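The block underneath contains the structure these notes are about, expressed in structure tokens.
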């Protein structure tokens, strides 16, 4: 009897323990099943693949969020439009300071999370890459296009109806712009300078407008290249801006050639050469090392001496292949050994090493040389003879090589001097915009009036066309005309004038005949004829601005769902803690 009672007690104690173990294993199995078990073979440990947590927003909430995000981005840079624009001071992640009123430069430094806000920042970058100007206008216009569409969405109008009206309006905007555009003679230097001056009146560099306009025009005309009736102007590759702190802005100039931050390799080499014969290499003048590790077993002393002699003979042969063509300058992208420097110095040849690939390409384009990979393949026609002067100068604490007075340079260097790096960076951004405007006019010599005159002329044309439309599309179509007025309205606001009075007067002015060139003088806040004031904008910039703004608005209006995936921090820790137990199962 006692034995049976003892056995029964053992069973009672053992069962809860087994039950606890099964309960402990149960959640692990469940977690493994939910997170994904993968067995490569029997008895292997499972791999846990965490699935992201999904957050979904849809419907009217998404559209409202996108519109608010776009309006917020537009409001940030709204005060940066016009000659009376304000500047922004930004702190980059590295602690540097950026002071600018350039829309693209401002938005590039801003970190945002909302996808619609990221899209708005992206269109500013696209505008800058395509035409180089209008980055502020395109953001303001896109934000206003979305803002006027919000009213129709609140009235339960379907987004596709609004989108259809916007696309029709875009076609009419383009045709109206082409009607009011006027051709320009690109050979008229005064006219070209006036056009460039119009683009920099809103910039910091407007104080030195005459100097900046001449620099931009000379630089673009220098790098202009025509072949088989095709015109090519590559500012980014062949018009380099070199910023050297010190001096004053008036010391800035365009060099008809190339300037690089390099000194000669040997102190006894010549530093001033007229009409130099230039050889360009992209190989090193050093002993060629094996691509893989090489071992040499030396058993005799003379073998070691012979190896050193072979290296010297190899370097000497490389130098002789160059010396027999009697060049004055050798420039290479790679290194030059001490022995090679010795041979070149004895031959009265100046050597410059470790030049950047882009600089080597610009030197080749400026002096007519060809970049050669193997010195033994050098020919007379590979030598550049187009440069008039090579000179080494010391500016501040650094040495610079100037290759100037080129006969027909297709590359140039813009030397900027100024008080500080911040000022030089802003002047560089302004000059880049000026050069892009000049490039756009040379490639497409069509102009439209500035100062908000083009926007008011297009808005008036859209309003008149909307009167003949039927159906619900006429209302969003007319709203596009209302959105275009944001440009002259912002110009008026930024110069402190009366917005309602001036904008009403401007609308009335554009209802009259032959008044499509009337706009806002951003300096004084008055209505003037842009033709008499001489404020013009390239047609290519304006077309790109309208297309980008409308297409962005259409893109964001088509979005009705945002699904975002993210992992929770607590889940990662719990999974890491539970993985060993799952592996023991």
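Residue numbers (this note's numbering): 830 to 1414.
C-beta: ideal position from N, C-alpha, C; glycine also.
Just so we're clear, the structure is a prediction, and the values are computed from it rather than from any experiment.
| Check | Outcome |
| --- | --- |
| Three or more C-beta pairs below 8 Å linking the region 1107-1119 and the region 1252-1272 | no |
| Classification of residue 1291 by the beta-carbon crowding that lies within 10 angstroms, buried from 16 upward | buried |
| Environment of residue 964 [buried if 16+ CB atoms lie within 10 Å] | buried |
| beta-carbon residue 1145 near the ligand COA non-hydrogen atom, thresh 7 Å | Absent from the structure shown: the ligand COA. Ligands present: none. |
| Beta-carbon proximity check, residue 910 vs residue 935, cutoff 8 Å | no |
| Buried/exposed call for residue 1101, threshold 16 Cβ in 10 Å | exposed |
| Counted within 10 angstroms of its Cβ, other Cβ atoms place residue 1249 as buried (16 or more) or exposed | exposed |
| Cβ contact check for the region 1021-1037 and the region 1217-1235: 3 or more pairs under 8 Å | no |
| contact_flag[the region 1131-1138, the region 1177-1193] where n(CB pairs < 8 Å) is 3 or more | no |
| With 16 other Cβ atoms within 10 Å as the buried cut-off, status of residue 1155 | exposed |
| Whole-angstrom distance between residue 1285 and residue 1336, CA atom to CA atom | 7 Å |
| Proximity to residue 1145 [Cα-Cα], best of 1272, 1170, 1049 | 1170 |
| Proximity to residue 1060 [Cα-Cα], best of 1271, 1013, 1385, 1130 | 1271 |
| Beta-carbon gap between residue 1363 and residue 1027 smaller than 8 Å | yes |
| Reference residue 1091, options 1104, 1162, 1054, 1078, closest by Cα | 1162 |
| Where the alpha helix (DSSP H) containing residue 1373 begins and where it ends | 1368-1386 |
| Test item: CB-CB of residue 1301 and residue 970 under 8 Å | no |
| Straight-line gap, residue 857 to residue 903 (C-alpha atoms, nearest Å) | For residue 857, the predicted model reports a pLDDT of 38, less than 50, meaning its position is unreliable and no value from the coordinates is stated. |
| Close-in-space but distant-in-sequence residues of the same chain around residue 1269 (CB under 8 Å, 5 per side omitted) | 960, 961, 962, 1367, 1369, 1370 |
| Three-way DSSP call (helix, strand, coil) for residue 860 in this model | Any reading at residue 860 needs caution, since the residue's pLDDT is 38, under 50, leaving its predicted position unreliable; the model's value is listed next. Three-state DSSP puts residue 860 in a helix. |
| Helix, strand or coil at residue 1237 [DSSP, three-state] | coil |
| Which of helix, strand or coil DSSP assigns to residue 1211 | helix |
| Closest by C-alpha distance to residue 1428, when choosing among 1341, 1204, 1322 | Outside the displayed span of the chain (830 to 1414) sits residue 1428, for which this structure offers no information. |
| Boundaries (first-last residue) of the beta strand (DSSP E) holding residue 1136 | Counting along the chain, residue 1136 falls outside any beta strand (DSSP E), though it belongs to the alpha helix (DSSP H) covering 1130-1152. |
| Other residues of its chain near residue 1151: CB distance less than 7 Å, five sequence neighbours each side excluded | 1108, 1159, 1204, 1207 |
| Cβ-based neighbour list, residue 1015, same chain, cut-off 8 Å, excluding 5 preceding and 5 following | 1021, 1270, 1271, 1274 |
| Supposed close pair residue 926, residue 949 - CB separation, criterion 8 Å | Going by Cβ atoms, the distance from residue 926 to residue 949 rounds to 24 Å, so no, they are not a contact pair. |
| Selection from 951, 957, 1051 that minimises the alpha carbon distance to residue 1233 | 1051 |
| 7 Å CB neighbourhood of residue 1191 in its chain, flanking five on each side removed | 1067, 1069, 1087, 1240 |
| Alpha helix (DSSP H) runs wholly inside the region 1274-1327, at least 4 long, in chain order | 1282-1295, 1303-1313, 1315-1323 |
| Cβ pair residue 1025, residue 1081 closer than 8 Å | no |
| DSSP three-state assignment for residue 940, whether helix, strand or coil | coil |
| Option in 944, 980, 1049, 1001 with minimal Cα separation from residue 1261 | 1049 |
| Whole-Å CB distance - residue 978 paired with residue 1386, under 8 Å assumed | 6 Å |
| Rounded C-alpha distance that separates residue 866 from residue 1392 | Caution is warranted here: a pLDDT of 42 is assigned to residue 866, below 50, making its placement in the model unreliable, and the coordinate value is therefore given only provisionally. Whole-angstrom Cα-Cα distance: 26 Å. |
| Beta-carbon gap between residue 1238 and residue 1193 smaller than 8 Å | no |
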